[in-house]
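Asks:
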Amino acid sequence: MDTIKLTVNGRQVIVKKGATVLEAALDAGIYIPTLCYDADLKPYGGCRLCVVEIEGMRGLVSSCTTPATEGMVVRTETPKVNQSRRITMELISANHHGDCLACAQNQDCELLKVARYLGIEQQRVDRLRKSTQVLPVDDSHPAFIRDLNKCILCAKCVRACHEIVCHDAIDIAFRGNSARIATFGDKPIVESVCKSCGECVARCPTGALVPKWEKLPVTEVKTICPYCGVGCSLYLGIRDNKVVSVRGDPQGPANRGSLCVKGRWGYDFLSHPERLTTPLIRLPGVARQAGQDGKVQEIFREASWDEALELAAKRLLELKQNYGPDSIAGLSSAKCTNEDNYVIQKFVRAVIGTNNIDHCARLCHASTVVGGIAAFGQGAMSNSYSDFEKTELFFIIGSNTTECHPIIGSLIKRRVRFDGAKLIVAEPRSIELGEYATIVLSHKPGTDVALINGLMHVIIRDGLEDKEFIRERTEGFEEMCQVVERYTPELVEAITGVSKAAIEAAAHLFGKANSACVLYGMGITQHTTGTDNVKSVANLLLLTGNIGREGTGFSPLRGQNNVQGSCDMGALPNVYPGYQRVNDAAVKAKFETAWGCQLSDRPGLMVTELADAILKGDIKGLYVMGENPVLSEPNLEHFWQALEKIEFLIVQDIFLSETAWMADIVLPGAAFAEKDGTFTNTERRVQRVRQAILPPGEARPDWEIICALAERMGKHLGYRDTSQIMEEIASLTPIYGGIRFDRLDRDGLQWPCPHISHPGTPFLYREGFARGRGKFHAVDYIPPAESISKKYPLVLTTGRILEHWHTGTMSRRANVLNELRPSGVVEMHPTDAARLGLVEGDLVVVTSKRGRLKAPVHITEKSPPGLVFIPFHWREAPANILTNDALDPLAKIPEYKVSAVKALRQRKKLRP
Amino acid sequence: MANSSVAQGAQAPLEKEMARQQRLDEILSSYQGNEEELIPILQQVQQVFGYLPEPAMKKIAKFLKLPESTIFGVGTFYAQFKLVPSGRNIIRVCRGTACHVRGATGILGEVEKQLGIKPGESTSDLEYALEAIACFGSCALAPVMVIGNNVYGRMTPAKVKEVLANVGAER
């Protein structure tokens, strides 16, 4: 590495080439006061406090903007330097509101620190205090306060907003004495384009931006965010058994200190008064009814753990005895730890004796697992976030990344904005990333296969495929070509609505890129053709050789914090942990020996098959851990009917979820901050989750509850703690073979990690595919199961929004998130709204063949004409009452993304 | 900045608004979409609209692929840009040294009294805007008042009334 030698205050200092004088000094442990320097931001030279003298240079130079050069002689503490700094500091602080004792920032105030260092005298400052400006404090935001009277215009907030998260909500506005940080139009921050990530708050050196609710913690615990699959590492500040502060972990491999609105402000659900604190048993004679609500004590009575577990064990054993083990099903949870998931699948398999275990991965990425395994032999993301730093071209299809995986969204925006990376966005709705894209392909919902076939057609036609890669590492190319040949740009334009020119331009961009990766989300997977869509993505990568190399890859963005882990742990009906098939005799024998019992070799039922199985009478008992299918299943009314009929329902959760309201027994679980274990994020990184606080009341970690229940059903699972569970997982799961808690402390480990000294695998398929050769699949376009008609003329697509999480069990009980987005909306294009006579906020009734809901309309050009979008977070307007339960034939994932609906105006008006 | 009730007085009829939108599109279409074109665009937009309307600034931001907040920052930095609608006839009263000693305060006071606005504000019918200026360099004519491109020298409070009446009559 190239280094530079220079002298600072007479000491020789060696730094990396490209370092600034300030960095050289800081590196050598020499303090230089500064208020605008931040290692993560570009040099700014705004505060003028870091001035130094450099031999051969005239006057004082700001060390943060001056590159260090060979042989440079720097002096940081001369009388001239200090006099200049003192005057600058006096000017900066002259109008500062000095209520330091009560200021929320007083513990880490950079201004105080620098003032103290320079020896500022109050009298000299007062002399400069010509007039005290008083600007109104902006407390419009539920999470933080903007008090510009304490702002020193270091612009760290502006730069963080621009350079790190790329939201650009604020900038310096006005002039001279009036200069201040302002939103567009100088409006309150909450009315701006601010995404509430709090990056500015975290970086403000003074009390100008401070969280509203934060307190100084007694201690901090490093753990992993429980919201999306990015897997951000963070520190929870703890005091009096409550989370009182949150900060991103600057070393976090996924987030490097950043957090999104949910990850930074979304934790007060932990101490919400509605947390379950004791087991509940349904009162005799109270019928099970969907949509139940009201007084808990009219439906349940509190019970002791002994009584609840005894009853649960008795009823489960009865069902098993009377109807056989396959009459019981378990639903695991992608929100729970790997250890919880391992234990529940073991419980269902070894104690109950069935493979009827599944979880919500069925509803999000089942098609990825099936399609990925078919193409590559592995269904996980093939690359890492660190690969994104090297990617030349991103192709994002069916993922609203900035809302659903905000930290990855910002990473991509940075790469495009500052490094010139190219971006293709294929998405029916207009999304934020579209503004950064080189090419936007607004295809019709459900036409992904046709679109990708069209791209491949052009790539092959124009000779842009990677012939060597195809020859050396793949199979099935000819068969695929035969199908793709038919997908001319003209035909694809007719199917997808994307112009021929755009298809050709995108194909050329993709075909010529040196390294490209495809990121996708539910827009690809949640279709009756989900598996086909995933195979198409795989085809495109294989065709252009964009897999198994740095900067390339297959990047399904997993939704839940631990959905990757729950799949890895075998919370799936056809595989044991590590995707080992239940109907493989050798595998079965291995698990029978390890678990000391007979196991079933019959693959179990999937979540999406449950409703019919219950109605048919095949399933009598259901054990739900941390899932809320009563809101998350498609075609809800059908599911509700089924659940009302079931004989016995146990729900284990942290709140009385909509599903828990229907349960016979409710068991209070511990939330993420109340237990130890691991989560596996979307880049296959197994990371440590650490207990920060005690669970409320009698709530217990999920794995402990299951072990206690197993005990009463005659099986001693015998785990002392979660690290012991991980040891068992490692012993039975080759891809987790080298995972041990003590190896995860720093950055975690990315599987496959087969043995104890293995460093983990940042990207897959370098040498070969898990299945040998990569397989092309000839995939034809099949239209969505439901198409629009005269009666149902609009296409409905569902999804998430930034501020909320799934069925809202957690996020709707987090004050900040709830205040930012209190209610559900139906998003609709202005032309559709005008046709229906709707104005913003009008109540609209949306109906499909399956059900209807009412919600205020939000008129926006984000939705193209003919398409409505409804987020599925609100039980008052449950989008899934409308969605289609038609399934992908292989993955059994429902088609959430395309339903035919109609919309009508309701007279009464509500604010959104 | 003037109060917002003044800004609301500027609600143009729909056709006029659409014509302005069209004019905005025309302005933008004569540029490439490069960052450095921001100030010329803002100047031209202000010429058409008399100020920088928020929707126009948003459109410019999209066109130049610049953050809206940056457009606002630039628009508020330069004294030449106005963020609220300004009167059609800009009345500038000099308060430079020469004008001051010859009674500029009285002139300014009279204009304020006549129009009912302070410097930096516009009348609610958007006919007049008032600005106090440091010096026009026409000190020989002090005290000086400028309306549009016409310079009125050796002003007295009585002449203010007369000049304003004439300007009013002209329109």
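Protein chains in written order, with this note's numbering: chain V, 1052 to 1963; chain G, 5 to 175. Every residue, glycine too, gets a C-beta built ideally from N, C-alpha and C.
(1) Pick helix, strand or coil for residue 1353 of chain V, following the three-state DSSP scheme.
(2) By Cβ distance below 8 Å, which residues in the same chain neighbour residue 1030 of chain V in space, the five residues on each side in sequence not counted?
(3) How would you call residue 1525 of chain V, buried or exposed, if buried means at least 16 neighbouring beta carbons within 10 angstroms?
(4) Output needed in chain order: residues of the segment 40-74 of chain G with a Cβ under 7 Å from some Cβ in chain V.
(5) Please classify residue 159 of chain G: does DSSP put it in a helix, a strand, or coil?
(6) Helix, strand or coil: how does DSSP classify residue 93 of chain G here?
(7) Using Cβ-Cβ distances below 7 Å, what residues of the segment 1219-1230 of chain V are close to chain G?
(8) With burial defined as no fewer than 16 other Cβ atoms inside 10 Å of the residue's Cβ, what is the status of residue 1410 of chain V: buried or exposed?
(9) So, is the C-beta of residue 1497 of chain V closer than 8 Å to a C-beta in chain G?
(10) Answer yes or no: do residue 1396 of chain V and residue 1620 of chain V have a C-beta to C-beta separation smaller than 8 Å?
(11) Please classify residue 82 of chain G as buried or exposed, where buried requires at least 16 neighbouring CB atoms within 10 angstroms.
(12) Quick one: does residue 1213 of chain V have its CB under 8 Å from some CB of chain G?
(13) When burial is assigned at 16 or more other CB atoms within 10 Å of the CB, is residue 1232 of chain V buried or exposed?
(14) Give the secondary structure of residue 98 of chain G by DSSP, where H, G and I count as helix, E and B as strand, and everything else as coil.
(15) Tell me the DSSP secondary structure of residue 1490 of chain V in three-state form.
(16) Using DSSP with H/G/I as helix, E/B as strand and the rest coil, what is residue 1882 of chain V?
(17) Check residue 1776 of chain V in the structure and name its three-state DSSP category.
(18) Is there a Cβ from chain V that is less than 8 Å from the Cβ of residue 172 of chain G?
(19) Out of V:1806, V:1432 and V:1105, point me to the one whose CA is closest to residue 1794 of chain V's CA.
(20) With distances taken from CA atoms, which of V:1240, V:1463 and V:1841 is nearest residue 1215 of chain V?
(21) Measuring only the C-alpha atoms, how far is residue 1501 of chain V from residue 1899 of chain V?
(22) Grab the span of the beta strand (DSSP E) containing residue 1059 of chain V for me, first residue to last.
(23) Extract the residue ranges of the alpha helix (DSSP H) inside the segment 1794-1881 of chain V, only unbroken runs of 4 or more that lie entirely within it.
(24) Residues of chain G with CB under 9 Å from residue 1425 of chain V, in chain order?
(25) Buried or exposed for residue 8 of chain G, please, with buried defined as at least 16 other CB atoms from any protein chain shown within 10 angstroms of its CB.
(26) Considering only residues of the segment 1055-1092 of chain V, which uninterrupted beta strand (DSSP E) runs meet the minimum length of 3 residues and lie entirely inside it, listed in chain order?
(27) Just list the residues that DSSP pairs residue 1611 of chain V with in beta bridges.
(28) In terms of residue numbering, what span does the alpha helix (DSSP H) encompassing residue 1448 of chain V cover?
(29) Looking at the structure shown, is residue 1689 of chain V part of a helix, part of a strand, or coil, going by DSSP?
(30) Taking residue 1294 of chain V and residue 1750 of chain V to be in contact with their CB atoms under 8 Å, please state how far apart those CB atoms are, rounded to whole angstroms.
(31) Would residue 160 of chain G count as contacting chain V if we go by Cβ distances under 8 Å?
(32) Quick one, which of V:1954, V:1106, V:1439 and V:1947 has its alpha-carbon nearest residue 1888 of chain V's?
(33) I believe residue 1876 of chain V touches residue 1907 of chain V by the beta-carbon criterion, under 8 Å. Please report the beta-carbon distance rounded to the nearest angstrom.
(34) Check the DSSP bridge columns for residue 1682 of chain V and list the partner residues they point to.
(35) Is residue 1233 of chain V close to chain G? Criterion is C-beta to C-beta, closer than 8 Å.
(36) Give the range of the beta strand (DSSP E) segment to which residue 1410 of chain V is assigned.
Replies: Well, looking at it:
(1) strand
(2) With chain V covering only 1052 through 1963, there is no way to say anything about residue 1030 of chain V.
(3) buried
(4) 58, 71, 72, 73 and 74
(5) coil
(6) strand
(7) 1219, 1220, 1221, 1222, 1223, 1224, 1225 and 1226
(8) buried
(9) no
(10) yes
(11) exposed
(12) yes
(13) buried
(14) strand
(15) strand
(16) helix
(17) helix
(18) no
(19) V:1806
(20) V:1463
(21) 26 Å
(22) 1054-1059
(23) 1866-1871
(24) Correct list: empty, because the minimum Cβ distance to chain G is about 40 Å.
(25) Interpretation of residue 8 of chain G is limited by its pLDDT of 38, a score under 50 that renders its predicted location unreliable; the figure taken from the coordinates is listed afterwards. Its Cβ having fewer than 16 others within 10 Å, residue 8 of chain G is exposed.
(26) 1062-1067
(27) V:1279
(28) Unbroken run through residue 1448 of chain V is the beta strand (DSSP E), 1444-1448; no alpha helix (DSSP H).
(29) helix
(30) Between residue 1750 of chain V and residue 1294 of chain V the Cβ distance is about 16 Å, and since that is not below 8 Å, they are no contact.
(31) no
(32) V:1954
(33) 6 Å
(34) Residue 1682 of chain V is not bridged to any residue.
(35) yes
(36) That residue, residue 1410 of chain V, is in no beta strand (DSSP E); it is neither H nor E in DSSP.
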